[in-house]
Structure formats: structure tokens, C-alpha cells
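Undergrad: Read in the working numbering, the sequence shown has 354 at position 165, and its numbers run on one by one without any break.
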Amino acid sequence: MASIIVPTDFSENAYNALFYATQLFPDENCTIYLVHSYEATLNDSISKMDPVANEAITAKLRSTVQSQLEQLSHRVQLDCAGYDLKVELMYAALPLNEIINDLIENLDVQLVVMGTKGASGLNEIFIGSQAVDTIKNISPIPLFLIPENSNYIHPKNIAYATDFKKNTLQNNIDFLKKIIKANNSKLQLVHFHNESDVQREVEPQFNILKEQLNDVEFTTHWVSSKQSVESDLNQFCKTQNINLLTLLFHKYSFLKSVLKTSTVEKISFHTDLPLLILPEEV
Numbered sequence: 190m191a192s193i194i195v196p197t198d199f200s201e202n203a204y205n206a207l208f209y210a211t212q213l214f215p216d217e218n219c220t221i222y223l224v225h226s227y228e229a230t231l232n233d234s235i236s237k238m239d240p241v242a243n244e245a246i247t248a249k250l251r252s253t254v255q256s257q258l259e260q261l262s263h264r265v266q267l268d269c270a271g272y273d274l275k276v277e278l279m280y281a282a283l284p285l286n287e288i289i290n291d292l293i294e295n296l297d298v299q300l301v302v303m304g305t306k307g308a309s310g311l312n313e314i315f316i317g318s319q320a321v322d323t324i325k326n327i328s329p330i331p332l333f334l335i336p337e338n339s340n341y342i343h344p345k346n347i348a349y350a351t352d353f354k355k356n357t358l359q360n361n362i363d364f365l366k367k368i369i370k371a372n373n374s375k376l377q378l379v380h381f382h383n384e385s386d387v388q389r390e391v392e393p394q395f396n397i398l399k400e401q402l403n404d405v406e407f408t409t410h411w412v413s414s415k416q417s418v419e420s421d422l423n424q425f426c427k428t429q430n431i432n433l434l435t436l437l438f439h440k441y442s443f444l445k446s447v448l449k450t451s452t453v454e455k456i457s458f459h460t461d462l463p464l465l466i467l468p469e470e471v
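#1: Thinking C-beta only, is threonine 211 closer than 8 Å to glutamate 278?
#2: Given a cut-off of 8 Å on the beta-carbon distance, is the pair alanine 191 and glutamate 228 in contact?
#3: Helix, strand or coil for lysine 345? Go by DSSP, reduced to three states.
#4: Once you ignore the five residues that flank asparagine 326 on each side, which residues in its own chain have a CB closer than 6 Å to its CB?
#5: Within its chain, find whatever has a CB closer than 6 Å to the CB of lysine 440; leave out the 5 residues flanking it on each side and keep chain order.
#6: Is it true that the CB of leucine 376 sits closer than 8 Å to the CB of valine 405?
#7: Run through the DSSP bridge pairs and tell me what methionine 182 is partnered with.
#8: Hey, how far is the Cα of aspartate 352 from the Cα of tryptophan 411?
#9: Does the beta-carbon distance from leucine 334 to leucine 464 come in below 8 Å?
#10: When you compare only the Cα positions, how much space is there between phenylalanine 199 and alanine 206?
#11: So isoleucine 362 packs on leucine 402, CB below 8 Å; how close in whole Å?
#12: Roughly how many whole angstroms lie between the Cα atoms of phenylalanine 208 and phenylalanine 214?
#13: Where does valine 379 sit, in a helix, a strand or coil, going by DSSP?
#14: Could you say which of Asn396, Asp291, Tyr272 lies nearest to valine 224 if we only look at CA atoms?
#15: Using the Cα positions of glycine 304 and tyrosine 204, report the straight-line distance between them to the nearest angstrom.
#16: Three-state secondary structure (DSSP) at valine 391?
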């Protein structure tokens, strides 16, 4: 059984992420925890001078959010007719990360799927501030980021880009293999290197990863990076017809080197592909 948290702000972008989540495990029972934070809306609406009016404002806002979530649940279940899909509604006047972390702590959930904001086009997509905040602050759990306006494409070809400088935890590999097996996908391991890299330094981690992946089909690519890693990775994904890009997030991660920044707040990743970000710890 798959259990997935999907935040929503009721935009089409968020709905794309919701639909993507429902398709990840087509042969399993699936529970979607549809989450909305109305904290900002409430803060913009209430008056510090009239507590009685605030109670009415809060009650009306909660009723509106409940209705919107119910409509969204009905829509996705119609779009996924024939799937064994259950949708649970969660909403509160709390920061989104707090709601998500509470669900992770108290329920057996496997991943978070959320949309990212940005303009359309290969070089225009960027990870919005809400997604950045989620990457930084939720409990360690796999996170799918679905670009705005992207249509669902079955992840037949999955790329895992790594520098082989840090072992990938078994739980992360098990999760990645679950995605691969559920979708009958092919995995492409890709390592970008330059002339200063010494291959023997990464060979032990590479051998460990190969052993972890011994029951799935994969191909390894050692790519000499002649431009920026970011542009080379984009080119690799285009050439190999990649449908899902996987990266590991940790303090000194390959994700940060790809995004060429030391602070996650500034990340700008030029891709229209869904991203699967694996946590450093699970």
C-alpha cells in the first residue's frame, strides 16, 4: 500500500502534482493525504481589534477550505477511475511544514509530492520558495517536485545523478527500486567528472551502489563535464529521454553542486523534468 502526502494551494500546478502522485504505484492501494495550509490567508484576514469577528472569519475560511478540498478529492477520483484510491483531507492554520511533519511522525507515509512554481520552458522552470522551504524543513523523506504545467509522463527512464562521494543509504535505494519496479522503469546512473577527479576515489562507493541495485536493470554513464554540470545534466537527460531525475540531498550534496549555490534558498534548476530528491537520512 502506498501512502503519499500531497500539499495543495488549489492551483492547476498543484493538481498536476496530485495526479502524478496517483500514478506512481498503479498496482497498489493508494492513500493520498491532501494537505492545505491556510495560515497566510487567515493572517491576512483577521483583525487584531475584533476577536468576535475573527471567530466568524476563521469558521468561514475553514468551511471554504473544506469545500475546496472535497471538490479536489472528487475531481482526482474521477480522473483516476478504476484505481484503488483513497483521499484523506488535512488542513490547518499552521505552517505547511508543520502539518507535513506531523503526518510523517504519526502516519506511515512514504513520500511527499508537490508542484513547483515557474514559467514554462526548459530554461525557465525554477523551484519556488514553498518547495525550497519544504526541502529544508520537512523530516527526511523522499520528495517529488513536479514542474508547473508539466504533463504526466510514465517514468520509463529514470536518471540518478551522483558524484559517488557519499554512500547512498539502503532505504533510499529500496525506495528508488520500488519506483523502478512499480513502473517497469530503466535506471541510468550518471557520474559527471572532470580531469582533476580520480576514479579510484569513487570506485568503492560505486561498487556498493552496484551491489544495492543488483536486482534491477541499470546502465552506468561516466560523463566528462566540459561545461557546467547543470547544462551537461540537462543535455544528458534530453539525449537519454529521461522522464524522472533523481538526486540526493545532503549538506554537501551533488544537488547543491548542480545548482551552483551553497544555500538552498537560491536554487534554480533548469529542467522541466520531475525531480525525485532522496534525503540524506531516512
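Ideal Cβ positions, reconstructed from N, Cα and C, are used throughout, including at glycine.
TA: Straight from the coordinates:
#1: Here residue 278 refers to the residue found at position 89 when the sequence shown is read from its first residue. Here residue 211 refers to the residue found at position 22 when the sequence shown is read from its first residue. In the sequence on display, residue 278 carries leucine and not glutamate. Not in contact: leucine 278 and threonine 211 (Cβ atoms no closer than 8 Å).
#2: As a first step, residue 191 is located in the sequence shown; it is residue number 2 there, counting from the start. As a first step, residue 228 is located in the sequence shown; it is residue number 39 there, counting from the start. No, the Cβ-Cβ distance between alanine 191 and glutamate 228 is not below 8 Å.
#3: Here residue 345 refers to the residue found at position 156 when the sequence shown is read from its first residue. Of the three classes helix, strand and coil, the one that applies to lysine 345 here is coil, per DSSP.
#4: As a working mapping, residue 326 is identified with position 137 in the sequence shown. Closer than 6 Å at Cβ, skipping near neighbours: Asn286.
#5: For this step, residue 440 is matched to residue 251 along the sequence shown. Note on lysine 440: pLDDT 47, under 50, position unreliable in the model; the coordinate value appears next. No residues qualify anywhere along the chain.
#6: Residue mapping note: residue 405 aligns to position 216 of the sequence shown, counting from 1. Residue mapping note: residue 376 aligns to position 187 of the sequence shown, counting from 1. The answer is yes: Cβ separation under 8 Å.
#7: Outside the shown range of the chain (190 to 471) lies residue 182, about which nothing can therefore be said.
#8: The count along the sequence shown starts at 1 and reaches residue 352 at position 163. The count along the sequence shown starts at 1 and reaches residue 411 at position 222. A direct Cα-Cα distance of roughly 10 Å separates aspartate 352 from tryptophan 411.
#9: Your numbering for residue 334 matches position 145 in the sequence shown. Your numbering for residue 464 matches position 275 in the sequence shown. Yes, they are a contact pair.
#10: Translated into positions along the sequence shown, residue 199 becomes position 10. Translated into positions along the sequence shown, residue 206 becomes position 17. For phenylalanine 199 and alanine 206, the distance between alpha carbons rounds to 11 Å.
#11: Along the sequence shown, one-based indexing puts residue 362 at 173. Along the sequence shown, one-based indexing puts residue 402 at 213. Rounded, the Cβ-Cβ distance is 7 Å, consistent with contact.
#12: Taking the first residue of the sequence shown as 1, we reach residue 208 at position 19. Taking the first residue of the sequence shown as 1, we reach residue 214 at position 25. Between the alpha carbons of phenylalanine 208 and phenylalanine 214 lies a distance of about 12 Å.
#13: Translated into the one-based positions of the sequence shown, residue 379 becomes position 190. In this structure, valine 379 counts as strand in the three-state DSSP scheme.
#14: Within the sequence shown, numbered from 1, the residue matching residue 224 stands at position 35. When only C-alpha atoms are compared, the closest one is Asp291.
#15: Position 115 of the sequence shown, counted from the start, is the residue given in the question as residue 304. Position 15 of the sequence shown, counted from the start, is the residue given in the question as residue 204. Each residue's CA atom was taken as its position, placing glycine 304 and tyrosine 204 some 8 Å apart.
#16: Taking the sequence shown and counting its residues from 1, the one referred to as residue 391 is at position 202. Valine 391 falls in the helix class under three-state DSSP.
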